[in-house]
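Student: One structure is given below, represented as structure tokens, and several questions about it will come after.
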Amino acid sequence: MRLAAPEHGGVRASEAASVRKRRLSDVLGVALDGVDLARPLSEADFREIEQAFFEGQVLAIKGQDLTPEQFLAFARRFGPPEPHVIDTFHHPDAADILILSNRRKPDGSPAGLADGGTYFHTDYSYLQVPARVTMLYSVEVPSKGGDTLFADMYAAYDDLSAAMKQRIDGLVVRHHYGNRDDLDEQSRTAASRLSDKQKDKVTWVRHKLVRTHYGTGRKALYGVSGSSFDIDGMARREGAALLDELKRHALRDKYVYSYPYEVGDVVLWDDLATLHSATLTEPDDPRTLWRITVKEPCFETALRASSA
Ligand code: SIN
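In structure tokens form, the structure reads like this:
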């Protein structure tokens, strides 16, 4: 990987030689070692990182030591951060950072959002303009588990039969905040519970089932698990059955990679080209990450809002 010389900021020349790019698995994922996100990144450095992000679909930038402002500055290179509809666990110094944590404060109240997204989904698919990138900064790693699972939606689409591609290209799916497979608000694998006020902010939206990536031009299966509930022009049950069939296909082991965090990782994923799922951890085994989400640049994605 070529990174800019010191006068351009980002990575010092002496460090550039030690920047290493490696694949994380045969499925997806790229890791960069030797990058320091605490320094301002030149445009050229950012483009290199963005390329690695497009290539890997999941990009882990190892060994970071960031303040909230430094983490935000990096996120802003991808676009303006968009706070989550759950506005309860903002970082005290940076409202655009959502704290994911199973820790509790001294008064017993939660210090962060625990068990967030423990089912395959893609972020903000319940919004008209969904997420472009979600990034986590790993602050505290549990002694056991705590991985995030990622599934490759390019490969899942590419491997479909020609007949199935023809059947689904052009279909439009209705999405709503929630997990189609688990609507029990008490369950640890349902979507995180919203307050009545937060529920008022979410509505039905529509997205294409097969979407073309704005950066790579590749087609991907979009949101077949999570917030997708039915398909325009099909009976509800028929649409859900097709989504289930595609979900079973897209979540086969050969498309899934499990990322094991280390403290100091910044992990970014491409929401258009992947599905992801948190994994359940022991409530008393601390896990804390900071999360920032950036929405897609506005283009074809928002089809038609619906209150149906
Ligand atoms: C998320 O879906 O944003 C959370 C992922 C995780 O906590 O592993």
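Using the working numbering, you'd call the opening residue of the sequence shown number 15 and step up by one each time.
Where is the CB? At the ideal position from N, CA and C, for every residue including glycine.
Just tell me which of 303, 217, 261, 242 has its CA closest to the CA of residue 194.
Tutor: For the purposes of this step, residue 194 is taken as residue 180 along the sequence shown, with counting starting at 1. Closest by alpha carbon: 242.
Student: Let's test the definition: count the other Cβ atoms within 10 Å of the Cβ of residue 146 and tell me whether it reaches 16, buried, or not, exposed.
Tutor: In the sequence shown, the residue the question calls residue 146 occupies position 132. Result: buried.
Student: How many Å lie between residue 120 and residue 300 at the Cα?
Tutor: Your numbering for residue 120 matches position 106 in the sequence shown. Your numbering for residue 300 matches position 286 in the sequence shown. Answer to the nearest angstrom: the Cα atoms are 14 angstroms apart.
Student: Classify residue 176 as buried or exposed, calling it buried when 16 or more other Cβ atoms lie within 10 Å of its own Cβ.
Tutor: As a first step, residue 176 must be located in the sequence shown, where it is residue number 162. The residue in question, residue 176, is exposed, as its Cβ has fewer than 16 Cβ neighbours within 10 Å.
Student: Taking only the alpha-carbon atoms, compute the straight-line gap between residue 35 and residue 45 and give it to the nearest angstrom.
Tutor: Here residue 35 refers to the residue found at position 21 of the sequence shown. Here residue 45 refers to the residue found at position 31 of the sequence shown. Rounded to the nearest angstrom, the two C-alpha atoms are 6 angstroms apart.
Student: Nearest-angstrom Cα distance between residue 126 and residue 38?
Tutor: On the sequence shown, residue 126 is found 112 positions in, with the first residue counted as 1. On the sequence shown, residue 38 is found 24 positions in, with the first residue counted as 1. Approximately 29 angstroms between the Cα atoms of the pair.
Student: Apart from the five residues just before and just after residue 89, which ones in its own chain have a Cβ nearer than 7 angstroms to its Cβ?
Tutor: Within the sequence shown, residue 89 is the residue found at index 75, counting from 1. The residues are 95, 149, 306, 308.
Student: Quick check: residue 282 and residue 86, are their CB atoms within less than 8 angstroms of each other?
Tutor: One-based indexing of the sequence shown puts residue 282 at position 268. One-based indexing of the sequence shown puts residue 86 at position 72. No, these two residues do not count as a Cβ contact at 8 angstroms.
Student: With distances taken Cα to Cα, identify the nearest neighbour of residue 7 among 233, 187, 295, 209.
Tutor: The requested residue 7 does not occur in the structure, where the chain is confined to residues 15 to 322.
Student: DSSP three-state label for residue 249, please.
Tutor: Along the sequence shown, one-based indexing puts residue 249 at 235. DSSP places residue 249 in coil when its eight states are reduced to three.
Student: Tell me the rounded alpha-carbon separation between residue 240 and residue 77.
Tutor: Position 226 of the sequence shown holds residue 240. Position 63 of the sequence shown holds residue 77. Their Cα atoms are separated by approximately 31 angstroms.
Student: Under the DSSP definition of a beta bridge, which residues are partnered with residue 108?
Tutor: Counted from its first residue, the sequence shown places residue 108 at position 94. 105.
Student: On the DSSP bridge list, what partners appear for residue 256?
Tutor: For this step, residue 256 is matched to residue 242 along the sequence shown. None, per the DSSP bridge assignment.
Student: For residue 41 and residue 269, which I take to be in contact (beta-carbon distance under 8 angstroms), what is that distance rounded to the nearest angstrom?
Tutor: Working through the sequence shown from its first residue, we reach residue 41 at position 27. Working through the sequence shown from its first residue, we reach residue 269 at position 255. Contact holds; Cβ gap of about 6 angstroms.
Student: Let me know the secondary structure DSSP gives residue 261 once reduced to three states.
Tutor: As a working note, residue 261 is residue 247 in the sequence shown. If DSSP states are grouped into helix, strand and coil, residue 261 belongs with the helices.
Student: Between which two residues does the beta strand (DSSP E) holding residue 134 run?
Tutor: Mapped onto the sequence shown, residue 134 falls at position 120. Where residue 134 is concerned, there is no enclosing beta strand (DSSP E), given that its DSSP letter is neither H nor E.
Student: On the DSSP letters alone, give me the boundaries of the alpha helix (DSSP H) that residue 211 sits inside.
Tutor: Here residue 211 corresponds to residue number 197 of the sequence shown, with the count starting at 1. That run of the alpha helix (DSSP H) goes 210-214.
Student: For the ligand SIN, I want to know if residue 131 counts as a neighbour, meaning its beta carbon is within less than 7 angstroms of at least one of the ligand's heavy atoms.
Tutor: For this step, residue 131 is matched to residue 117 along the sequence shown. The answer is yes for residue 131.
Student: Using 10 angstroms around the beta-carbon of residue 262, count the other beta-carbons present and answer buried if the total reaches 16, otherwise exposed.
Tutor: Here the question's residue 262 lines up with position 248 in the sequence shown. With fewer than 16 other Cβ atoms within 10 Å, it is exposed.
Student: What does a CB cutoff of less than 8 angstroms around residue 82 pick up in its chain, not counting 5 residues either side in sequence?
Tutor: Mapped onto the sequence shown, residue 82 falls at position 68. If we look at residue 82 and ignore the five residues flanking it on each side, its Cβ neighbours are 105, 107, 108, 111, 304.
Student: Looking at the strands, I want to know which residues DSSP matches up with residue 273.
Tutor: Taking the sequence shown and counting its residues from 1, one reaches residue 273 at position 259. Looking at the DSSP assignment, residue 273 forms a beta bridge with 162.
Student: Within the same chain, show all residues whose beta-carbon is closer than 8 angstroms to that of residue 311, passing over the 5 residues directly before and after it, in chain order.
Tutor: Taking the sequence shown and counting its residues from 1, one reaches residue 311 at position 297. Contacts found: 93, 146, 228.
Student: Can you give me the Cβ contacts of residue 289 inside the same chain, cut-off strictly under 8 angstroms, excluding the 5 residues immediately before and after it?
Tutor: In the sequence shown, the residue the question calls residue 289 occupies position 275. Excluding sequence neighbours, residue 289 sits near 134, 135, 136, 164, 165, 167, 237, 238, 239, 240, 264, 265.
Student: By DSSP's criteria, residue 120 is part of a beta bridge. Which residues make up the other side?
Tutor: The residue labelled residue 120 in the question sits at position 106 within the sequence shown. Partner(s): none; residue 120 has no beta bridge.
Student: Measure how close the beta-carbons of residue 84 and residue 114 come, nearest whole angstrom, since I'm counting them as under 8 angstroms.
Tutor: Along the sequence shown, one-based indexing puts residue 84 at 70. Along the sequence shown, one-based indexing puts residue 114 at 100. At roughly 18 angstroms, the Cβ-Cβ gap does not stay under 8 angstroms, so residue 84 and residue 114 are not in contact.
Student: Along the chain, where does the alpha helix (DSSP H) that runs through residue 61 open and close?
Tutor: Taking the sequence shown and counting its residues from 1, the one referred to as residue 61 is at position 47. Residues 57-70.
Student: Please classify residue 51: does DSSP put it in a helix, a strand, or coil?
Tutor: Residue numbering aside, residue 51 sits at position 37 when the sequence shown is read from its first letter. Here residue 51 sits in coil by DSSP.
Student: Helix, strand or coil: which one does DSSP assign to residue 82?
Tutor: On the sequence shown, residue 82 is found 68 positions in, with the first residue counted as 1. Three-state DSSP puts residue 82 in a helix.
Student: Quick check: the Cα distance between residue 117 and residue 294, rounded to an integer number of angstroms?
Tutor: Start at 1 with the first residue of the sequence shown, and residue 117 comes out as number 103. Start at 1 with the first residue of the sequence shown, and residue 294 comes out as number 280. The straight-line gap from Cα to Cα measures roughly 14 angstroms.
Student: Rounded to whole angstroms, what is the Cα-Cα separation between residue 151 and residue 69?
Tutor: Here the question's residue 151 lines up with position 137 in the sequence shown. Here the question's residue 69 lines up with position 55 in the sequence shown. Spanning the two alpha carbons is a distance of roughly 20 angstroms.
Student: Which residue from 259, 171, 292 puts its Cα closest to that of residue 202?
Tutor: Taking the sequence shown and counting its residues from 1, the one referred to as residue 202 is at position 188. Comparing Cα-Cα distances from residue 202 to each of 259, 171, 292, the minimum goes to 292.
Student: Check for me: the alpha helix (DSSP H) holding residue 170 runs from which residue to which?
Tutor: Within the sequence shown, the letter at position 156 stands for residue 170. Segment 167-172, the alpha helix (DSSP H) holding residue 170.
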